[in-house]
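J.: Chains as they are written, first to last, in this note's numbering: chain A, 5 to 500; chain B, 5 to 500.
Virtual Cβ for every residue (Gly too), placed ideally from N, Cα, C.
These numbers come from a predicted model, not from an experiment.
First the structure, then my questions, so here it is.
2 protein chains.
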Amino acid sequence: MEQISKFKEMLMKQKAYGYVLNLAGWDSNTEAPRGAFARRAEMLGVISGELFELNTSEEYQEVVYGLFKKFNELDDITQREIKKAKKDLDKIIKIPKNEFVEYNKLINLSQLVWEDAKANNDFNAFKGNLEKIVAFTKKFVDYYKIDDHPYNVLLDGFEDGMSMKEYDEFFNTLKEDLVPFVKEVLNSGKVLNDAFITDFYPREKQKEFAEYLIDVLAFNRDNGLMKESVHPFTWNTHSTDVRFTTRYLEDFMFSSIFAAIHELGHATYEQQIDPKWDDTYLDGGTSMGIHESQSRFYENIIGRSLEFWEVHYPKLKEIFPEQLKNVSLDDFYRGVNKVEASFVRVEADELTYSLHIMIRYEIERMLFSDEVKVEDLPEIWNEKMVEYLGIEPSNDTEGVLQDVHWSVGMFGYFPTYALGSAYAAQFYYTMKKDLNIEEIVKANEIKTINNWLKEKIHQYGGSKTPKELLVEVTGEEFNPKYYIQLLKDKYGKLYL
Amino acid sequence: MEQISKFKEMLMKQKAYGYVLNLAGWDSNTEAPRGAFARRAEMLGVISGELFELNTSEEYQEVVYGLFKKFNELDDITQREIKKAKKDLDKIIKIPKNEFVEYNKLINLSQLVWEDAKANNDFNAFKGNLEKIVAFTKKFVDYYKIDDHPYNVLLDGFEDGMSMKEYDEFFNTLKEDLVPFVKEVLNSGKVLNDAFITDFYPREKQKEFAEYLIDVLAFNRDNGLMKESVHPFTWNTHSTDVRFTTRYLEDFMFSSIFAAIHELGHATYEQQIDPKWDDTYLDGGTSMGIHESQSRFYENIIGRSLEFWEVHYPKLKEIFPEQLKNVSLDDFYRGVNKVEASFVRVEADELTYSLHIMIRYEIERMLFSDEVKVEDLPEIWNEKMVEYLGIEPSNDTEGVLQDVHWSVGMFGYFPTYALGSAYAAQFYYTMKKDLNIEEIVKANEIKTINNWLKEKIHQYGGSKTPKELLVEVTGEEFNPKYYIQLLKDKYGKLYL
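Following this line, the structure appears as structure tokens:
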């Protein structure tokens with residue numbers, strides 16, 4: 005008992021450090037001026053160092069390993085906490101503090117370097133930082149002394165229990181079943197009335213519609229907010245402070261709409277987690293894949309459905325009467341689901357999206373198998389774009405430099421995006437058994453869907469693993485057939 | 005030497021904790037959703053507690069007191085650092101940690117309570133918190149065991165070397181020389197063409213002009229930003245990240261203009277501090293009074309001058325062509341300097357402003373002399389408003405609840421506002437000897453004024469005391485005659 009309360013006490017301290025670092029991250033990503041970053045890296049380096057001390061202190065090790073030895077005497081929740089805590093501890097204690105601090109400083113600064121490199125289409129300006137980040141990551145994985153392929157260690161870090169074996173299987177299924185279908189769709193010769201997509205939509209007006217969407221999706225404004233950033237994301241520390249961003253491209257309104265709905269999906273998950281997990285090791289969403297399943301569910305399954313736009317297209321037309329004057333609901337719905345080979349992942353359509361992820365997965369897989377070097381990435385990137393999507397980026401800004409992830413050391417994260425999309429489909433076919441989803445969307449009662457997801461998934465926070473959730477909610481293990489079925493049904497009707 | 009580097013090392017750690025707490029404060033004041041605050045108080049309570057441990061650790065005491073014993077062997081800068089560090093240490097080590105943490109939680113939450121109370125015109129809803137804050141403050145001052153009146157201890161905390169003796173003298177001079185003059189002005193019967201002041205000025209358009217002012221005042225946008233908040237303020241941690249806020253009242257445009265110029269004054273001070281002080285105990289502006297002298301200098305002496313509006317009024321007219329159609333430059337200038345008895349300090353004109361401060365000073369003086377109770381404040385407030393300004397607030401929102409300061413435990417701060425205004429005048433008459441200020445403002449070359457202030461005041465950060473700065477820059481000690489002279493000259497011409 006004493007050890008448990010000691011564990012809780014130390015955990016609260018760790019959470020407080022994580023909290024302020026998180027808050028600084030939100031600031032860095034949404035408003036901090038450029039001049040802030042050098043000093044910030046110093047200051048946050050100190051705080052990360054302190055957190056590292058807490059996370060690796062002998063006292064903490066004694067408590068966690070001590071409790072792990074008495075595993076069978078612990079209640080179910082404490083067992084889950086200690087299991088997770090031990091898994092993290094096993095890794096972090098292997099890393100020398102000075103390297104940890106140095107790494108954190110590096111990634112704090114690299115995001116800015118990447119932003120500049122992307123703005124100036126200058127991969128070389130970013131290459132040095134990326135090499136350092138990759139080298140650190142490899143060294144850290146090596147320190148862990150886990151008897152597995154380095155990339156498996158990284159993959160498991162973002163999605164409990166996933167390895168190259170499962171992902172290879174998943175992506176191979178996509179290659180076999182989806183890639184030929186995508187080619188069929190791309191070659192269908194279907195002509196859309198879609199000039200409106202790239203019309204001019206003033207920023208402020210887009211913001212007005214994004215604010216409207218917040219209420220449509222029943223987001224709780226007392227416990228969160230929406231802001232703007234270059235790369236949309238959701239930020240959270242606890243269920244009563246959940247924030248997200250979107251971005252406004254004046255010549256591509258869909259960007260703000262679907263980024264907002266996507267992030268609202270993440271945000272709804274976080275807002276609906278039972279606050280009882282806040283003080284435990286099981287707070288927050290359970291994994292990146294499950295998180296992404298929620299954002300994709302709202303973005304694609306709800307947000308790109310005909311029923312959704314039957315209700316909300318009039319509002320959009322009211323905000324943009326000129327731009328949408330000659331655009332029927334059917335045109336708009338087809339525009340929202342327009343399939344095309346494109347360069348930028350975050351703007352990719354629902355159907356080709358996972359091919360963008362496959363490219364990143366394969367590149368990371370090679371990188372951490374020492375089959376390629378950082379300097380080769382631009383070329384490999386472009387080759388794979390040609391292979392899977394039949395198009396070649398004309399510069400690195402729309403190629404290898406497009407994503408923020410690597411600049412902040414997130415390797416092994418990308419595949420959870422495709423996995424999440426597939427989870428979403430599996431959840432969808434289960435939800436259909438309980439709810440008339442189409443009618444609910446048409447009635448603008450999304451709260452009913454939120455409630456279902458809360459009951460089945462959200463409330464549990466990190467207290468169930470992704471695998472447990474899938475089996476408990478859908479009655480079976482992960483099965484990509486639902487994803488392929490959903491895509492073929494929808495896009496077969498639209499294009500073939 | 006070893007002790008010095010130990011001191012530096014511990015100082016950096018303290019700075020890092022201060023940094024993240026500061027950042028959280030910025031977030032709390034500019035965007036955090038309401039739901040964030042309960043959890044935030046817990047989390048920041050932990051971090052404040054950790055900082056408290058650092059600030060009071062035996063190791064730190066040994067270093068600071070150890071170095072203080074060798075005071076004469078230290079170089080000038082280290083002497084100044086140790087002197088300041090010891091002064092803070094002497095106080096903080098007297099406070100029990102649990103009380104310190106509890107106090108910090110209390111003030112983190114009280115601001116929200118105050119906001120609600122103000123919004124609902126409900127002093128009773130805030131009274132309990134305020135009583136607790138006052139009780140804590142008294143207890144803390146008592147712990148310090150400084151042989152002085154409690155209010156003197158608080159006053160000195162915000163302005164090194166100031167006590168009731170000096171402030172009484174200052175405010176008595178104002179009472180004798182200024183109050184009769186203010187009455188004369190208020191009774192002059194002068195009629196202004198000032199209906200435009202309360203016309204409707206859309207928020208977005210006001211923001212456009214505030215953005216314009218940022219460039220007029222040569223603020224460095226790479227090292228800072230402007231945002232919006234209920235109570236305008238400047239926030240800073242180091243010269244390359246200086247932020248400030250303004251607020252937009254659509255029926256009172258002057259609020260955003262002069263809040264922006266005022267805060268730009270604070271921000272310019274911070275941006276112009278030599279970064280060499282960042283890693284020392286002498287970072288930031290030297291005192292609240294000197295800080296306020298800079299904001300008041302820009303706001304009143306520059307921002308409310310005829311020359312300033314000769315240059316910038318055309319821009320304002322361009323943004324608000326309808327509202328300012330029939331308003332001449334002379335009308336506008338008189339409007340900007342309109343004197344009236346009003347309720348709200350932050351909107352008060354230059355001439356009556358210090359009377360608002362006097363009221364707060366006298367109330368705090370009584371509160372910390374145990375002559376009044378918190379529950380009596382609304383009544384006393386209203387009585388003093390009648391006494392000095394001849395008007396009585398009709399509710400507590402425009403009375404005792406108007407300022408944020410007490411809700412965050414800042415007692416002894418208010419008088420620095422009046423003191424700063426008087427410092428500003430003293431600096432002004434010195435600057436006039438070197439620069440043709442009127443010509444510079446007319447030529448829109450405010451950078452020249454910034455440079456003068458940088459050279460004489462800003463660059464030194466906290467390395468000189470307010471008294472030193474005054475003597476070195478102006479050649480004499482603080483003398484309120486300049487303030488009175490400036491006000492009488494300006495408002496005599498305008499009204500008498």
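Which ranges does the alpha helix (DSSP H) cover as unbroken runs of at least 4 residues, wholly within the segment 257-342 of chain A, from first to last along the chain?
T.: Those alpha helix (DSSP H) runs which fall completely within the segment 257-342 of chain A and span 4+ residues are 258-275, 292-300, 310-323 and 333-340.
J.: Just to confirm before moving on: does the CB-CB distance between Lys231/B and Thr478/B stay below 7 Å?
T.: Taking 7 Å as the Cβ cut-off, Lys231/B and Thr478/B do not qualify as a contacting pair.
J.: Cutting at 7 Å between CB atoms, please list the residues of its own chain near His235/B, excluding the five before and the five after it.
T.: So the list reads Val408, once near-sequence residues are dropped.
J.: Restricting to Cα atoms, I'd like to know which of Tyr21/A, Lys342/A and Ile306/A is closest to Glu442/A.
T.: The option with the nearest alpha carbon to Glu442/A is Ile306/A.
J.: Grab the span of the alpha helix (DSSP H) containing Asn26/B for me, first residue to last.
T.: It spans Glu6 to Thr34 - the alpha helix (DSSP H) in which Asn26/B sits, taken as one unbroken run.
J.: At a Cβ cut of 8 Å, what residues of the segment 11-29 of chain A count as close to chain B, listed as they run along the chain?
T.: So the close ones are Met16, Lys17, Lys19, Ala20, Tyr21, Tyr23, Val24, Leu25, Leu27 and Ala28.
J.: If you follow the beta strand (DSSP E) that Leu229/B is in, where does it begin and where does it stop?
T.: Looking at the DSSP string, the run of the beta strand (DSSP E) that includes Leu229/B is Gly228 to Glu232.
J.: Using a Cβ-Cβ distance under 7 Å, would Ala40/B count as near chain A?
T.: Answer yes: the Cβ-Cβ gap between Ala40/B and chain A drops below 7 Å somewhere.
J.: Buried or exposed, going by whether 16 or more other CB atoms sit within 10 Å of the CB of Met166/A?
T.: That one is buried.
J.: Can you give me the C-alpha to C-alpha distance between Leu110/B and Val350/B, rounded to a whole angstrom?
T.: Those two C-alpha atoms are separated by around 25 Å.
J.: Taking the Cβ atom as the reference point for each residue, do Met268/B and Tyr317/B lie within a distance shorter than 7 Å?
T.: It is Leu, not Met, that sits at residue 268/B in the sequence shown. No, the pair does not count as a contact, with Cβ atoms beyond the cut-off.
J.: Output, in chain order, the set of chain A residues within a Cβ distance shorter than 7 Å of Asn227/B.
T.: Result: Pro37 and Gly39.
J.: Using the Cβ count rule (16 or more neighbours within 10 Å means buried), how would you classify Asn440/A?
T.: So Asn440/A ends up on the exposed side.
J.: Whose C-beta lies closer than 6 Å to the C-beta of Tyr487/B among residues of the same chain, with five residues either side of it excluded?
T.: Excluding residues within five positions, the ones whose Cβ falls inside 6 Å are Ala426 and Ala429.
J.: Tell me which residue opens and which closes the alpha helix (DSSP H) that Asn483/B is part of.
T.: It is not in any alpha helix (DSSP H) - Asn483/B carries neither H nor E in the DSSP assignment.
J.: For Thr250/A and chain B, any beta-carbon pair shorter than 7 Å?
T.: Output row for Thr250/A: interface = no.
J.: For a contact defined as C-beta to C-beta under 7 Å, what are the partners of Ile1/A on chain B?
T.: The structure shown does not extend to residue 1/A, since chain A spans only 5 to 500, so no value can be given for it.
J.: So with Cβ pairs under 7 Å, would you call His242/B a contact of chain A?
T.: So yes, His242/B belongs to the interface.
J.: Mind the definition here: the segment 248-268 of chain B touches the segment 197-210 of chain B only if three or more C-beta pairs lie below 8 Å; say whether that holds.
T.: At 8 Å Cβ cutoff, the stretches touch.
J.: Using a Cβ-Cβ distance under 7 Å, would Arg349/A count as near chain B?
T.: Taking Cβ atoms only, chain B never reaches closer than 7 Å to Arg349/A, which makes this a no.
J.: For Lys12/B and Glu6/A, I'd like the C-alpha separation in whole angstroms.
T.: The straight-line gap from Cα to Cα measures roughly 38 Å.
J.: Within 10 angstroms of the Cβ of Gly70/B, are there 16 or more other Cβ atoms? Answer buried if so, exposed if not.
T.: That one is exposed.
J.: Give the C-beta separation of Ala264/A and Ala199/A to the nearest angstrom, bearing in mind that I take them to be a contact with Cβ-Cβ under 8 Å.
T.: That pair is no contact at about 23 Å.
J.: Quick check: what's the CA-CA separation for Asn341/A versus Asp335/A?
T.: Going by the C-alpha atoms only, they are around 10 Å apart.
J.: So Ile384/A packs on Ile367/A, CB below 8 Å; how close in whole Å?
T.: The pair is a contact, with the Cβ atoms about 6 Å apart (cut-off 8 Å).
J.: Going by Cα to Cα distance, which pick from Tyr464/B, Glu188/B and Val50/B is closest to Tyr495/B?
T.: Here the closest residue by C-alpha is Glu188/B.
J.: Between the Cα of Tyr64/B and the Cα atoms of Tyr432/B, Tyr216/B, Ile97/B and Arg44/B, which residue gives the shortest distance?
T.: Taking only the C-alpha atoms, the option nearest Tyr64/B is Ile97/B.
J.: For Phe248/B, which of helix, strand or coil comes out of DSSP?
T.: In the structure shown, Phe248/B sits in a strand (DSSP, three-state: E or B).
J.: Classify Thr401/B as helix, strand or coil using the three-state DSSP reduction.
T.: DSSP places Thr401/B in coil when its eight states are reduced to three.
J.: Tell me the DSSP bridge mates of Thr238/B?
T.: Paired residue(s): Phe248/B.
J.: Can you check whether the C-beta of Met47/A is within less than 7 Å of a C-beta belonging to chain B?
T.: Closer than 7 Å to some Cβ of chain B, the Cβ of Met47/A qualifies, so yes.
J.: Mind the definition here: the segment 468-476 of chain B touches the segment 279-298 of chain B only if three or more C-beta pairs lie below 8 Å; say whether that holds.
T.: Judged by Cβ distances under 8 Å, the segment 468-476 of chain B makes contact with the segment 279-298 of chain B, as three or more pairs qualify.
J.: CA-CA distance, Leu500/B and Ser299/B?
T.: Spanning the two alpha carbons is a distance of roughly 27 Å.
J.: For Gln83/B, does the three-state DSSP call read helix, strand or coil?
T.: DSSP places Gln83/B in helix when its eight states are reduced to three.
J.: Cβ of Arg3/B less than 7 Å from any chain A Cβ?
T.: For chain B, the structure presents residues 5 to 500; residue 3/B sits outside this window and is missing.
J.: Would you mind working out which of Tyr417/A, Asp164/A, Asp283/A and Ser309/A sits nearest Lys87/A, comparing C-alpha positions?
T.: The shortest Cα separation from Lys87/A among Tyr417/A, Asp164/A, Asp283/A and Ser309/A belongs to Asp164/A.
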